[in-house]
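In the order they appear, the protein sequences are chains A and B.
Okay, so the first sequence: first residue is 1 according to my numbering, each after it adds one.
Okay, so the second sequence: first residue is 1001 according to my numbering, each after it adds one.
Ideal placement from N, C-alpha and C gives every residue a C-beta, glycine not left out.
Number of protein chains: 2
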Amino acid sequence: MTTQPDTSTSTTPLWDEAQRRDTAAPLTASARGFATDGTVHLNGNSLGPPRADLAGELASVVHDQWAPRQVQAWFRDGWLDLPRSIGDKLAALLGAAPGQIVVAGETTSTTLFNALIAACRLRPDRSVLLIEASAFPTDLYIADSVARLLGLRVVTASGEDFDSCLRGNGRHVAAALAAPVDFRTGERGTIGRTAALCHAAGAVSVWDLSHAAGVLPVDLDAADVDLAVGCGYKYLGGGPGAPAFLYLPTRLHQEVDLPLAGWHGHARPFDMTRTFEPAAGIDRARTGTPPLLSLVALNHALDPLLDVGVPALYSRSQQLSEFFLECLERSRPGLLEGLVSPRDPDRRGGHLALRVPDAERVEEALAERGVLIDSRPPDLLRFAFAPLYVTYEQVRRAAQDLCDVLEGGQ
Amino acid sequence: MTTQPDTSTSTTPLWDEAQRRDTAAPLTASARGFATDGTVHLNGNSLGPPRADLAGELASVVHDQWAPRQVQAWFRDGWLDLPRSIGDKLAALLGAAPGQIVVAGETTSTTLFNALIAACRLRPDRSVLLIEASAFPTDLYIADSVARLLGLRVVTASGEDFDSCLRGNGRHVAAALAAPVDFRTGERGTIGRTAALCHAAGAVSVWDLSHAAGVLPVDLDAADVDLAVGCGYKYLGGGPGAPAFLYLPTRLHQEVDLPLAGWHGHARPFDMTRTFEPAAGIDRARTGTPPLLSLVALNHALDPLLDVGVPALYSRSQQLSEFFLECLERSRPGLLEGLVSPRDPDRRGGHLALRVPDAERVEEALAERGVLIDSRPPDLLRFAFAPLYVTYEQVRRAAQDLCDVLEGGQ
């Protein structure tokens, strides 16, 4: 027996198994609604495929709303409500009661900036902004920028050190920024535990949900999270650069002081008064006039996610990633030594990270075969298992192509 | 002779005149490229009509770029360059050399926030943020917010008082925010003179070009303006909530310190390093991942403006507004007593403001007749003469409908 199984013989039972699972799993049908063109999309943690009817939705907004009703469409076609109504859809996906999430129309970086300043202002006598060392780079840049504006000190820490900082020096921490999924390794953190640590220290907890929203159960209300932001273009499927969302729980609405005080956040925006008076509820977190076409695309993307529901989405994502590991195990078990993500699916978000030599070249070779993944320098491959449009057969094919590419590269 | 001419007899020569001018004026042809559906659009200072082929452009981006190339489309289809390439188109419309304008993908309010903080940071020892009392409300809110963050004092002043503040207390003024067109009255200011006053006082001049861009000559480089922002959805035609632009002249690139430091403004965004290092040139003013579909619509809207060029755009806008006044003068001269805008067309931007009783009701009655304008409480009607799609015959019709509505209301 060889240590490296022959992939050509081992694919047959896996192919059968993929077919069987695709036939049995009811979610697979939803893949038909996406414009995937036979490509395997395992980079939904970056930008998933569009729904096939998106262009029609955009054309309808342009020709049936904008063209005939012009600026009145903001009122008559519900455009003005979209930041909040999209927010309520997101609330259903993120375990929040309605009226606590808004899509103001800014980028994720800017929305985080707004949230962090608001968070730190809730603790004006404290001097530290704590952030996970493994945070997505833009979160680090924004934390630095906010700290400089407010005269705070940024402390970065990982894992136990992060917790220790809250336990030991918690009384100095104004706000702590964390993510429920590590964007590199896919490792899942425990929101409730970290939020509780923050509260025990009297610090405000702020979350970047970009790699969790739309795939992972995130019970914002139950976890007693203070503020949270996330992008619209990863698992949520809102398309390139889809605007970010901001979660601001009702208990903080009166108390919070947001720096991006644009006219859409005013209590009576069309009175055009001299002085800013924040709107009631979550509307106070709106800013300027939002980019409508991008809001429309995000809104349109959320419906199939809501139809399926987060528990089923997460469960399917886990099953897909487990099947991927099973395929690798049977075809090329040595590869799993490079697995950076936790082996326990309950400790993972929606993606797997695998260490291989020359990751970027592997990513390119897979793209040539119609399998889209992404890489992070120098040696990390990331495979995302977005539950709405990835099938078992695609997972099998991706695993086989990965083995073939690595084989060819030896 | 009656003081109120009979509109039914006076329309005939005006109708002839409108036909003659529409036949003679070459710009009229461009109106055919817009989805105007027979409606008269005199609110292009708010939201103009879409180009008829916009939905096709969006569908092409969705199906020919996003669907087949996914995240790679950011590189292969030029998406990543759009914030700067759209900026260069805007530079051509605003009298700026290339590489000085960027569309980062934020709302106008947020872009102004970013610009004002950067401006005030250039003068760290000064305590006043000066702003025109007639500024658009969101500018006032944002100025207040910035002043609170930086510990500055906001001073609002109009006309001579604004100038006096710069002359008398100029040494305290960190930054002065002004607009080349008053959003209510349409009165045109003199950018060069105000910018020179700012410079003489050592203050940084910041401009809100929202009501000027795409219709008025604005020679940013020649006027030695420091920073400027503007929205994409008025005369620029970028559609509902089109993202804002930021002008930052080359001479300030090294010196400026922008607070919205997102990863797209990093020198090497895809290296994902811990520390923010601003990109060379105007790219440093980018923020997070921009809302692509809204960028595509803005980009698409700019081409016909560039084809015509600002001098011809402004000249035609002036001729249209002059013809409107001529129509009113011949049909109902008493109305002109309510003209709030300067009578000299060279002292106006792209719109006229007229004081009438019960302005909102008049706006609604005109909308029912297919003439779209806007009103500002309590008694101001605004008529915008966007040069790309408004014809003389539409102007004549709008004037007649206005007279009819006011007649019926007596």
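- The region 1228 to 1239 of chain B and the region 1067 to 1080 of chain B do not touch, with fewer than three beta-carbon pairs separated by less than 8 Å.
- DSSP lists B/V1040 as the beta-bridge partner residues of B/V1371.
- Between the region 1244 to 1260 of chain B and the region 1332 to 1343 of chain B there are fewer than three inter-stretch CB-CB distances shorter than 8 Å, so the stretches are not counted as touching.
- The residue from B/P1013, B/G1048, B/R1084 and B/T1012 with its alpha-carbon nearest to that of B/G1265 is B/R1084.
- Taking a cut-off of 8 Å for Cβ pairs, the region 78 to 93 of chain A and the region 1084 to 1102 of chain B do not touch, as fewer than three such pairs fall below it.
- DSSP places B/F1183 in the coil class of the three-state scheme, outside both helix and strand.
- Rounded to whole angstroms, the separation of the alpha carbons of A/L93 and A/D307 is 10 Å.
- Under the criterion of beta carbons closer than 8 Å, A/A384 and A/L54 do not qualify as touching, at roughly 20 Å.
- Within the region 1131 to 1162 of chain B, contact with chain A at the beta-carbon level (separation under 7 Å) is assigned to P1137, T1138, L1140, Y1141, I1142, D1144, S1145 and L1149.
- Taking A/D379 as reference, the option from A/G350, A/V362 and A/L366 with the minimal CA-CA separation is A/V362.
- Note that the C-beta distance between A/V206 and A/L122 is not below 8 Å.
- Within its own chain, the residues whose Cβ lies closer than 7 Å to the Cβ of A/A223, once the five positions on either side in sequence are excluded, are I191, G192 and A195, listed in chain order.
- A/G170 is positioned such that its CB atom lies closer than 8 Å to that of A/G202.
- Not a single C-beta of chain B is nearer than 8 Å to the C-beta of A/V256.
- In this structure, A/H300 keeps its C-beta atom at 8 Å or more from the C-beta atom of A/G281.
- Contact check for B/V1405 against B/L1042 fails: the beta carbons are separated by 8 Å or more.
- For B/I1191, the uninterrupted alpha helix (DSSP H) segment begins and ends at I1191 to A1201.
- One alpha carbon belongs to B/R1369, the other to B/V1395, and they sit about 13 Å apart.
- The continuous beta strand (DSSP E) containing A/H351 extends over residues H351 to R355.
- In this structure, DSSP gives B/Y1235 a state outside helix and strand, which the three-state scheme calls coil.
- Taking all protein chains shown into account, B/G1189 has 16 or more neighbouring C-beta atoms within 10 Å of its C-beta and is therefore buried.
- With the criterion set as a beta carbon lying under 8 Å from some beta carbon of chain A, the members of the region 1359 to 1393 of chain B are A1367, L1372, D1374, R1376 and P1377, in sequence order.
- By the CB criterion at 8 Å, A/A178 and A/E132 fall inside the cutoff.
- The shortest C-alpha to C-alpha distance from B/P1098 to any of B/T1250, B/P1137, B/A1157 and B/E1017 is the one to B/T1250.
- At a cut-off of 8 Å between beta-carbon atoms, A/N169 makes no contact with chain B.
- Per DSSP, the continuous beta strand (DSSP E) segment holding B/S1205 begins and ends at V1204 to D1208.
- Here A/A213 carries a coil assignment [DSSP, helix/strand/coil].
- Within chain B, the residues E1106, T1107 and T1110 have their CB atoms less than 7 Å from the CB of A/E106, given in chain order.
- The Cβ-Cβ distance between B/P1377 and B/E1393 does not fall below 8 Å.
- Restricting attention to A/V218, A/L130 and A/F323, the CA atom closest to the CA of A/D16 is found in A/F323.
- Assigned with DSSP and collapsed to three states, A/Y389 falls in coil, not helix or strand.
- Where A/T273 is concerned, there is no enclosing alpha helix (DSSP H), because DSSP gives it neither an H nor an E.
- For B/Y1233, the chain A residues whose Cβ falls inside 8 Å of its Cβ are T289, in order along the chain.
- Taken through DSSP and simplified to helix, strand or coil, A/G230 comes out as strand.
- DSSP places A/A312 inside the alpha helix (DSSP H), whose first and last residues are V310 to S331.
- With respect to chain B, the C-beta atom of A/A119 has no partner C-beta closer than 8 Å.
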